[in-house]
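> Residue numbers (the numbering used here): 8 to 470.
We put the beta carbon where it would ideally sit given N, CA and C, even for glycine.
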Ligand SMILES: Cc1cc2nc3c(=O)[nH]c(=O)nc-3n(C[C@H](O)[C@H](O)[C@H](O)COP(=O)(O)OP(=O)(O)OC[C@H]3O[C@@H](n4cnc5c(N)ncnc54)[C@H](O)[C@@H]3O)c2cc1C
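1) If we count Cβ pairs, one from each stretch, closer than 8 Å, do we get three or more for the segment 49 to 63 versus the segment 163 to 180?
2) Is residue 431 near residue 460, with beta carbons less than 8 Å apart?
3) Compute every distance between the C-beta of residue 165 and the non-hydrogen atoms of ligand 1, then say whether any falls below 7 Å.
4) DSSP state of residue 54, grouped into three classes?
5) Indicate whether the contact test is met: 3 or more Cβ pairs, each with one atom in the segment 254 to 269 and one in the segment 385 to 401, closer than 8 Å.
6) Pull up the distance between the alpha-carbon of residue 390 and that of residue 285, whole angstroms please.
7) Here's a check: name, in chain order, each residue in its chain whose Cβ is nearer than 6 Å to the Cβ of residue 47, leaving out the five neighbours to either side.
8) Please determine, among 278, 344, 221, the residue with the shortest C-alpha to C-alpha distance to residue 332.
9) Closer than 6 Å by C-beta to residue 471: which residues in its own chain qualify, once you throw out the five before and the five after it? Chain order, please.
10) Would you mind working out which of 357, 276, 138 sits nearest residue 83, comparing C-alpha positions?
11) Less than 8 Å between the beta carbons of residue 407 and residue 216, yes or no?
12) Expressed to the nearest angstrom, what Euclidean distance is found between the alpha-carbon atoms of residue 192 and residue 175?
13) My understanding is that residue 271 touches residue 334, with C-beta atoms under 8 Å, so please give their C-beta distance in whole angstroms.
14) Check whether the segment 416 to 423 and the segment 234 to 242 touch, using three or more Cβ-Cβ pairs below 8 Å as the test.
15) Pick out whichever of 446, 424, 455 has its Cα sitting closest to the Cα of residue 469.
16) Can you tell which of 326, 450, 294 has the C-alpha that lies nearest to the C-alpha of residue 4?
17) CA-CA distance, residue 45 and residue 458?
18) What ranges does the beta strand (DSSP E) occupy inside the segment 133 to 218, keeping only unbroken runs of at least 3 residues that lie completely in it?
19) If we ignore side chains and look at the alpha-carbon of each, how far apart do residue 412 and residue 184 end up?
20) Within 8 Å, do at least three Cβ pairs link the segment 365 to 375 to the segment 200 to 208?
21) How would you call residue 76, buried or exposed, if buried means at least 16 neighbouring beta carbons within 10 angstroms?
22) Kindly identify the DSSP beta-bridge partner or partners of residue 9.
23) Take residue 186 as the anchor and find which of 208, 194, 197, 165 has the nearest alpha-carbon.
24) Suppose you measure from the CA of residue 247 to the CA of residue 290; what does that come to, to the nearest Å?
25) Can you tell which of 281, 222, 310 has the C-alpha that lies nearest to the C-alpha of residue 297?
26) Is residue 148 close to ligand 1? I mean its beta-carbon at under 7 Å from any heavy atom of the ligand.
27) Tell me, to the nearest whole angstrom, how far the beta carbon of residue 72 is from that of residue 116; I am working on the premise that it is less than 8 Å.
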């Protein structure tokens, strides 16, 4: 991935708004720019767009929406969502961007539902850690593939072209940092050059690049990666070459309950509803409910880098609404046990230790790890159990953007015509793994996608 600096360049084909990446961010940016009358082209490296958006749980936070009001939830507000983002990131994210995104989220969801029939409804039967209200809006089977399919269909229906199998390798820019165009490599080795008036980087982070992980988040490089392998950190490489401000490269979203070795994650309701994790000695080791992101390394640091999740049928009813959990069941990763002894045998631990762990949790006393078990019923046999590992879901560091999603230089001034969103931009999580508020990934991708599309269209229409 490179940068070609040149004062002038002739392109045989120029498109006003070029977008790199056909995930949630790229497709939504395209729809927004197209609505404002800008001609758009999306460039996607894969033959069929299947970025992290399509692998995701399809759950998007938004607050104060008409969907929530129709479902009877009347007291959620953008300010509450904003405060939740700040609290989870310990105030270490960009407050201005967090506030903007929290306040724009309702508008984005309503626009996508009303205009493009995005199939989402409110998740009211459980609440993720750090959500002061049930902010989530989710696709029917809680699977991002449903959302991306609808977004891609909308792009097609609007007549917006997507060039697939089109890996963007290089940017052409002049000395002021104005992007003149891009170089694209095709699978057969052919190279194309396309000029643009504005460029939107919607090509996510660097979760798929072991080399970048080893450099920026060495511990996460050891984790199982459950995101899209095509996310190779290209936006960050171009940003570095351009002298862009890049922040929070050590930040990532993990997942602390990915079935081992199956590779799909359990619905987090298995924890929020009262389940917990034990290591191979049958002992708990963390406050599982602090968040699924930070739980990834806590699980990874256990003997053998594994743990066991234990929950019951009441938790299972809610967890099993999520596509990945259904897949875990279908793959045999979840087993049912009538007795503690049978579970202990499966783990290979002392049954008395595991029994003591389960009884201690059931007593709902002050928890050694700071978790409050008093709000949920104690688990009842039969128990459900799965061997789990910690996973890396996606990276959270990226290009610093302003409120128009324009990429900033190190001195804080914006590049003339470069925009970024979704996982290519700095996330809302602060510097580490503990700052990820559930749903921040699609929250960023959907909202920065709309804002980038609007701003890029405004720029090219004005020029
Ligand atoms: C298993 C899993 C579950 C998740 N669940 C949730 C959830 O429920 N809620 C939530 O908010 N977030 C969730 N996330 C995170 C969420 O999926 C991402 O934050 C979000 O999809 C990012 O969207 P994006 O458009 O930035 O990136 P993507 O959807 O990954 O799209 C980026 C696209 O860019 C393409 N690309 C990359 N480089 C190039 C290049 N050089 N040239 C051309 N194309 C390129 C890629 O092929 C890809 O199609 C989950 C993630 C995973 C992996």
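On the basis of the supplied data:
1) yes
2) no
3) no
4) coil
5) yes
6) 14 Å
7) 24, 37, 40, 41, 167
8) 278
9) In the structure as shown, the chain begins at 8 and stops at 470. Residue 471 is therefore absent and cannot be evaluated.
10) 138
11) no
12) 6 Å
13) 5 Å
14) no
15) 424
16) Nothing about residue 4 can be read from this structure; the chain reaches only from 8 to 470.
17) 14 Å
18) 143 to 145, 174 to 180, 186 to 192, 198 to 208
19) 16 Å
20) no
21) exposed
22) 177
23) 208
24) 45 Å
25) 281
26) no
27) 5 Å
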